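In order, the protein sequences belong to chains A and B.
Each residue of the first sequence is one higher than the one before, starting from 2 at the first, in the numbering used here.
Each residue of the second sequence is one higher than the one before, starting from 2 at the first, in the numbering used here.
One structure is given below, encoded as structure tokens.
Protein chains: 2
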Amino acid sequence: MSGWVRIIGLGPGPEKWLSPEARDVLAQASDVFGYTPYAQTARAYTKAALHPSDNGDEIARAKEALAFAQRGARAAVVSGGDAGVFGMASAVFEAMEQGDAAWRALDVEVIPGMSAMLAAAALAGAPLGHDFCVISLSDRLKPWSIIERRLRAACAGDFAIALYNPASHTRTEQVKNAIALLERECGAERIIVLASNVGRAQERMVIATLATLDSSLIDMRTLLLVGSSRTRLIAREGKAPLVYTPRFYAEDS
Amino acid sequence: MSGWVRIIGLGPGPEKWLSPEARDVLAQASDVFGYTPYAQTARAYTKAALHPSDNGDEIARAKEALAFAQRGARAAVVSGGDAGVFGMASAVFEAMEQGDAAWRALDVEVIPGMSAMLAAAALAGAPLGHDFCVISLSDRLKPWSIIERRLRAACAGDFAIALYNPASHTRTEQVKNAIALLERECGAERIIVLASNVGRAQERMVIATLATLDSSLIDMRTLLLVGSSRTRLIAREGKAPLVYTPRFYAEDS
Chain A
2 MSGWVRIIGL GPGPEKWLSP EARDVLAQAS DVFGYTPYAQ TARAYTKAAL HPSDNGDEIA
62 RAKEALAFAQ RGARAAVVSG GDAGVFGMAS AVFEAMEQGD AAWRALDVEV IPGMSAMLAA
122 AALAGAPLGH DFCVISLSDR LKPWSIIERR LRAACAGDFA IALYNPASHT RTEQVKNAIA
182 LLERECGAER IIVLASNVGR AQERMVIATL ATLDSSLIDM RTLLLVGSSR TRLIAREGKA
242 PLVYTPRFYA EDS
Chain B
2 MSGWVRIIGL GPGPEKWLSP EARDVLAQAS DVFGYTPYAQ TARAYTKAAL HPSDNGDEIA
62 RAKEALAFAQ RGARAAVVSG GDAGVFGMAS AVFEAMEQGD AAWRALDVEV IPGMSAMLAA
122 AALAGAPLGH DFCVISLSDR LKPWSIIERR LRAACAGDFA IALYNPASHT RTEQVKNAIA
182 LLERECGAER IIVLASNVGR AQERMVIATL ATLDSSLIDM RTLLLVGSSR TRLIAREGKA
242 PLVYTPRFYA EDS
């Protein structure tokens, strides 16, 4: 048997951001496992059998893929963005540790992808152009206390911050609490970029401050990019301003 | 005139990680500006005139590209990885602010790329599978004090950490100081992954702890990935262990 598992980042969505490697591996797969919208995206690049599943079923999905590979399948597990950034890679490794010891002998590789924060940052300019932190606001798998601790640390280090998973249908208060915390720790004037559906027809970008951001615009498809104290705007006539964090960081300013 | 500037991330190096969008834009460019090795990488995808320059000349390079675009050129400014992560995007925006006011009216866009940390993390497993920080250890443009402040904040938040630019021919002490600081703040047993030349023939990965890492292996082409307190190894027979950070973060552990 020559089964394998490839954990693939599809990038933020459009074909222009899918890596040639990911495309090749999808073409070789016999079975594709993923959250339904990502499995549907993968369909364009493969003749494999699709095994879509719901959000929240990550470990069950990972175990199914590992069991398929053990029986000889070429199992592609797909994530949006990069599978190693709040995607399926860690879920597959958790499942490997929990499951059949023979799974550790399987041929398993992660195929990197363009993470959504990079596409969102490019749309705005270069808000992550200096040191930054990446934090998921979902408290489904971690306590809110560690999220608060990390937001505080990000402010203490004067990092720019990319916030994943700011809200869902059932999680709407968390992002308000996070923004209130950031406002207290970093100041109300801190620049924030809201980016939704980047690279898709419904793409939307809003540039605001922590004080002026309308949090009702934030949903599952939104990424938030918070500037550091040095993040700046370049005004442009007839276009959105460019948001960027300079490479320089003067000692005394 | 219909000049433009596109600030392009080439990805970590191999063609398999170059986005279709970056490839298309390179094919349309009339002039390519970049640090010599990246300009040479771009040569495979374009008939444009190449304008290679030395490392450290970022603002001069950016101004040259903007001046070319002002005269009608289709100017591609290339970076390795993603241009918005310690790449040319912020340098171009700094140059826009410093230079001719007409430059702000130019058609300027950032074309995102796969950042090197994502490819390095995929090679190791999923060390960045939970919240993480991204820090450049270069003190060429920022004081060492802010780097230390950010390393301390990263430990205080129990983030995983991607360290860019750990060393160069002339900067060899900084990474030793950074590792000593991390060892004091996070403990000597913290997992660290050294990844060099990821995706190239000379690719090398070393998995160690802060205490056991041989810093003489670190050079300009190295990325370091430091685990959080939760980062784990999965031992595999005849293969490098998988390094991953679980998605779960238990309150009491």
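Don't be surprised by glycine CBs; every beta carbon is placed ideally from N, CA and C.
These numbers were taken from a predicted model, which means no experiment stands behind them.
- By the Cβ rule, the stretch 70–81 of chain A counts as touching the stretch 42–52 of chain A, because three or more pairs are nearer than 8 Å.
- Here the stretch 187–197 of chain A lies against the stretch 216–228 of chain A, with 3 or more beta-carbon pairs under 8 Å apart.
- The beta carbon of L124(B) sits closer than 7 Å to those of A196, V199, M206, all from its chain and outside the five residues before and after it, given in chain order.
- As DSSP reads the structure, D32(B) sits in a beta bridge with A50(B), A76(B).
- Neighbourhood of R105(A) in chain B, by CB distance below 7 Å: I235, R237, in chain order.
- Apart from the 5 residues on each side of it in sequence, F160(B) sits with its Cβ closer than 7 Å to the Cβ of D132, F133, C134, S229 in its chain, given in chain order.
- Close CB contacts of E184(B) within its chain, under the 8 Å cut and outside five residues either way in sequence, are with R191, L211, A212 (chain order).
- With respect to the C-alpha of I235(A), the residue from G14(A), P128(A), K64(A), E186(A) having the closest C-alpha is P128(A).
- Here T210(A) carries a strand assignment [DSSP, helix/strand/coil].
- Scanning its chain for C-beta atoms nearer than 7 Å, with the 5 sequence neighbours on each side dropped, one finds around R24(A) the residues Y46, in chain order.
- If you draw a straight line from the Cα of D83(A) to the Cα of Q41(A), it comes to about 17 Å.
- When R151(A), G14(A), R231(A), G4(A) are compared, the shortest CA-CA separation from A251(A) is found for R231(A).
- The three-state reading of DSSP puts Y39(A) in helix, counting H, G and I together.
- Every unbroken stretch of the beta strand (DSSP E) spanning 3 or more residues and falling wholly within the stretch 64–131 of chain A is given here in chain order: 75–80, 108–112.
- Residue pairing by DSSP leaves R141(B) without any beta bridge partner.
- Rounded to the nearest angstrom, the Cβ distance from L164(B) to A181(B) is 13 Å, too far for a contact under 8 Å.
- Look at L183(A) here: in three-state DSSP terms it is helix.
- The C-beta of W18(A) comes closer than 7 Å to at least one C-beta of chain B.
- Distances from the alpha-carbon of R44(A) to those of E16(A), D140(A), R153(A) put E16(A) closest.
- Nearest neighbour of A106(B) by Cα position, chosen from G88(B), P38(B), F94(B), V244(B), turns out to be F94(B).
- Neighbours of G158(B) in chain A, taken as residues whose beta carbon is under 7 Å from its own, are R150, R151, A154, A155 in chain order.
- If you check the CB distance, V244(A) and G158(A) do not come in under 7 Å.
- Residues of chain B with a Cβ closer than 7 Å to the Cβ of R75(A) do not exist, since the nearest Cβ in that chain sits about 18 Å away.
- Per the C-alpha coordinates, the member of I9(A), G57(A), E22(A), A66(A) positioned closest to D32(A) is A66(A).
- Under the Cβ criterion of 7 Å, A123(B) is counted among the residues facing chain A.
- Nearest in C-alpha terms to G81(B), of all of E98(B), A61(B), L119(B), is L119(B).
- V135(B) carries a strand assignment under DSSP once its states are collapsed to helix, strand and coil.
- Comparing alpha-carbon positions, the option among E238(A), Q71(A), I9(A), G4(A) lying closest to I112(A) turns out to be I9(A).
- Assignment of S197(B) by DSSP, reduced to helix, strand and coil, places it in the strand class.
- S3(A) counts as exposed, since fewer than 16 other beta carbons sit within 10 angstroms of its beta carbon.
- Secondary-structure assignment with DSSP links K240(A) through a beta bridge to R237(A).
- Rounded to whole angstroms, the Cβ separation of L138(B) and I148(B) is 6 Å, and the two are in contact under 8 Å.
- With contacts defined as CB atoms closer than 7 Å, G12(B) and G114(B) qualify as a contacting pair.
- Taking C-beta atoms as the reference points, F34(A) and R62(A) count as a pair closer than 7 Å.
- W18(B): not part of any beta strand (DSSP E); DSSP gives it neither H nor E.
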